[in-house]
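Taken in order, these protein sequences are the chains called A and B. Counting the first sequence from 1 gives a position; my numbering is that position plus 13. Counting the second sequence from 1 gives a position; my numbering is that position plus 80. Glycine included, C-beta positions come from ideal geometry on N, C-alpha and C. As the structure is a prediction and not an experimental result, all values here were calculated from the model. To start, the structure under review is shown below, and the notes come after it.
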Amino acid sequence: AAGVIQSPRHLIKEKRETATLKCYPIPRHDTVYWYQQGPGQDPQFLISFYEKMQSDKGSIPDRFSAQQFSDYHSELNMSSLELGDSALYFCASSQRDREETQYFGPGTRLLVL
Amino acid sequence: QKEVEQDPGPLSVPEGAIVSLNCTYSNSAFQYFMWYRQYSRKGPELLMYTYSSGNKEDGRFTAQVDKSSKYISLFIRDSQPSDSATYLCAMMIKAAGNKLTFGGGTRVLVKP
Chain A
14 AAGVIQSPRH
24 LIKEKRETAT
34 LKCYPIPRHD
44 TVYWYQQGPG
54 QDPQFLISFY
64 EKMQSDKGSI
74 PDRFSAQQFS
84 DYHSELNMSS
94 LELGDSALYF
104 CASSQRDREE
114 TQYFGPGTRL
124 LVL
Chain B
81 QKEVEQDPGP
91 LSVPEGAIVS
101 LNCTYSNSAF
111 QYFMWYRQYS
121 RKGPELLMYT
131 YSSGNKEDGR
141 FTAQVDKSSK
151 YISLFIRDSQ
161 PSDSATYLCA
171 MMIKAAGNKL
181 TFGGGTRVLV
191 KP
């Protein structure tokens, strides 16, 4: 079965640089969620989208922005990167009205030097 | 104080034993309860979700919810070395953003 696709899988950036993470949800899934997982921590919710509209926002820094496109894929844009942004970034997707079944992608490992 | 608490472990059991995992929570508004399995450096994999108090079984896995005590459990029967992973409980309030709130995860090691 098709799963959530994330790219790139690994990313190394310098402080103050910009990064763009991409997420392609499972086919027919219209809702996308972004989570950040720091070393040894549980995933923390950042932001979610349904039908290209932001549906909820968590502890996402103002330096980060995200959007969902007409084909339901989503991009997380991160600017002025800081060392503390180094983490695993997961995208999850679900169908509307089946939000209790969120399926996670393999993640993008971001390292900020 | 985290909304969802989970013993970090590690929990070490011999192959074939029953693994017992649990989480407690403070927010009585949580409606859905999930269990995810996460292997090192991989994405969380949804194992089970439940809505109501009681038990739900799926193969070797049984999820239990006690809303009156704000306590959920996951039991893994006939554990295998391949079950060695971190198990995360997660909870959600439907239609309140549908974001998942995770426990810290319990690391499980099943020894052959």
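With a threshold of 16 other beta carbon atoms within 10 Å, Ser132(B) falls short and is exposed. Residue contact check for Leu189(B) against chain A: no CB pair falls below 8 angstroms. If you look at Pro94(B), you'll find it in the beta strand (DSSP E) that goes 91 to 94. At a cut-off of 8 angstroms between beta-carbon atoms, Ser87(A) makes no contact with chain B.
CA-CA distance, Phe82(A) to Arg157(B), rounds to 43 angstroms. His23(A) and Ser148(B) have their C-alpha atoms spaced approximately 43 angstroms apart. Residue pairing by DSSP places Thr130(B) opposite Phe113(B) in a beta bridge. Interface residue (Cβ-Cβ distance to chain A less than 8 angstroms): Tyr129(B) is classified as such. In chain order, Lys179, Leu180 make up the part of chain B whose C-beta sits under 7 angstroms from the C-beta of Phe58(A). Put simply, the CB of Thr121(A) is far from chain B, with every gap to its CB atoms at 8 angstroms or more. DSSP, read as helix, strand or coil, puts Leu96(A) in helix.
Boundaries for Arg29(A): no beta strand (DSSP E) harbours it, and the DSSP string shows neither H nor E there. In this structure, the beta-carbon distance from Asp98(A) to Leu126(A) does not fall below 8 angstroms.
Asp163(B) sits in a helix when the DSSP states are folded into three classes. Here the stretch 96 to 113 of chain A makes contact with the stretch 40 to 50 of chain A; the two share three or more CB pairs at distances below 8 angstroms. Here DSSP, grouped into helix, strand and coil, assigns Glu64(A) to coil. Asp55(A) counts as buried, since at least 16 other C-beta atoms from the protein chains shown sit within 10 angstroms of its C-beta. Buried is the label assigned to Gln118(B), since at least 16 other Cβ atoms lie within 10 Å of its Cβ. With its beta carbon less than 8 angstroms from one in chain A, Gly183(B) belongs to the interface.
Taken through DSSP and simplified to helix, strand or coil, Ile156(B) comes out as strand.
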